[in-house]
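Residue numbers (this note's numbering), protein chains in the order written: chain D, 73 to 187; chain A, 2 to 114. Notes follow once the structure below has been shown.
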């Protein structure tokens, strides 16, 4: 089944404890992206990647890191999480590096709470 | 630069009546525009997209949207609401060289019996 998977789905952690949220897609998509969703703000793009070893900042990159060492994986790293990073996170992928005309396929989401 | 404004944060309709969810956009380039739907505790699903072909776009579940360049709008409509349409809807614009997607803040649709 073609899909985007994220792990973990739920995570409660403490301030400053490094964490990684994994994202994997099995559709051989070029483009991958991370978003956070907060009430009343919609989804805001954190980072995106147009191909292996090619990443770029979205609208809200502060406090996050990403890497794209393999085409299928795009982990999101929080080196020192803070409470303002409590949010619902979505990973998405799209067939082409130029994502403008293409549908994004979303993962199920990861609900992160930082205390 | 690009932006999206969803003009209503909440819309309530009765089952069987028309749905109108409003979206205005701003883009320095010829944009691609999308509507996504998010049901409670679910990921996002594409309803429809506009990518510079026909200005009236038909999507899944009876939804459609019309791209109006002169009004910079991309409103989502459905002739007759169903209870299963209750969800949050996001208008999205994509354009320019940055490969970024910009989401609107969402419209929560409630369908009353």
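Beta carbons: idealized from backbone N, C-alpha and C, even for Gly.
Start and end residues, beta strand (DSSP E) containing residue i
| i | result |
| --- | --- |
| residue 97/D | 91–97 |
| residue 114/D | 114–123 |
| residue 104/D | 103–110 |
| residue 88/A | 88–95 |
| residue 39/A | 33–39 |
| residue 65/A | 65–69 |
| residue 74/A | 74–79 |
| residue 83/A | Per DSSP, residue 83/A belongs to no beta strand (DSSP E) and is neither H nor E. |
| residue 162/D | 159–166 |
| residue 4/A | 3–7 |
| residue 149/D | 148–150 |
| residue 84/D | 82–85 |
| residue 186/D | 182–186 |
| residue 128/D | 126–129 |
| residue 25/A | 24–28 |
| residue 12/A | 11–15 |
| residue 77/D | 76–79 |
| residue 136/D | No beta strand (DSSP E) contains residue 136/D, which DSSP labels as neither H nor E. |
| residue 174/D | Note, residue 174/D: premise wrong, no beta strand (DSSP E); not H, not E. |
| residue 50/A | 45–51 |
| residue 109/A | 108–113 |
| residue 143/D | Where residue 143/D is concerned, there is no enclosing beta strand (DSSP E), given that its DSSP letter is neither H nor E. |
| residue 103/A | 102–104 |
Anticipated Cβ contact below 8 Å, residue i with residue j, distance rounded
| i | j | result |
| --- | --- | --- |
| residue 179/D | residue 78/D | 4 Å |
| residue 109/D | residue 162/D | 6 Å |
Whole-angstrom distance between residue j and residue i, CA atom to CA atom
| i | j | result |
| --- | --- | --- |
| residue 47/A | residue 57/A | 16 Å |
| residue 103/A | residue 142/D | 26 Å |
| residue 121/D | residue 140/D | 7 Å |
| residue 73/A | residue 164/D | 27 Å |
| residue 11/A | residue 110/A | 6 Å |
| residue 39/A | residue 88/A | 6 Å |
| residue 51/A | residue 106/A | 19 Å |
| residue 108/A | residue 64/A | 15 Å |
| residue 184/D | residue 75/A | 33 Å |
| residue 132/D | residue 31/A | 24 Å |
| residue 154/D | residue 168/D | 34 Å |
| residue 97/D | residue 83/D | 21 Å |
| residue 26/A | residue 5/A | 4 Å |
| residue 138/D | residue 15/A | 44 Å |
| residue 54/A | residue 73/D | 30 Å |
| residue 128/D | residue 102/D | 14 Å |
| residue 94/D | residue 61/A | 30 Å |
| residue 81/D | residue 83/A | 30 Å |
| residue 124/D | residue 101/A | 17 Å |
| residue 166/D | residue 24/A | 23 Å |
Under 8 Å between C-beta atoms of residue i and residue j
| i | j | result |
| --- | --- | --- |
| residue 104/D | residue 146/D | yes |
| residue 119/D | residue 135/D | no |
| residue 233/D | residue 86/D | The shown model of chain D, from 73 to 187, leaves out residue 233/D, and the question about it has no answer. |
| residue 77/A | residue 13/A | no |
| residue 181/D | residue 44/A | yes |
| residue 28/A | residue 3/A | yes |
Minimum Cβ-Cβ distance from residue i to chain E less than 8 Å
| i | result |
| --- | --- |
| residue 4/A | In the structure shown, chain E does not exist; the protein chains are D and A. |
Proximity test, residue i beta-carbon vs the ligand MN heavy atom, cut-off 7 Å
| i | result |
| --- | --- |
| residue 63/A | Questions concerning the ligand MN fall outside what the structure shown contains, since it holds no ligand whatsoever. |
> Between the stretch 25–42 of chain A and the stretch 77–93 of chain A, do at least 3 Cβ pairs fall closer than 8 Å?
Replying inline: yes
- So, do the stretch 4–24 of chain A and the stretch 175–185 of chain D have three or more beta carbon pairs nearer to each other than 8 Å? no
Inset, instruction - Examine the Cβ distances between the stretch 87–104 of chain D and the stretch 146–158 of chain D and report whether three or more of them are shorter than 8 Å. - result: yes
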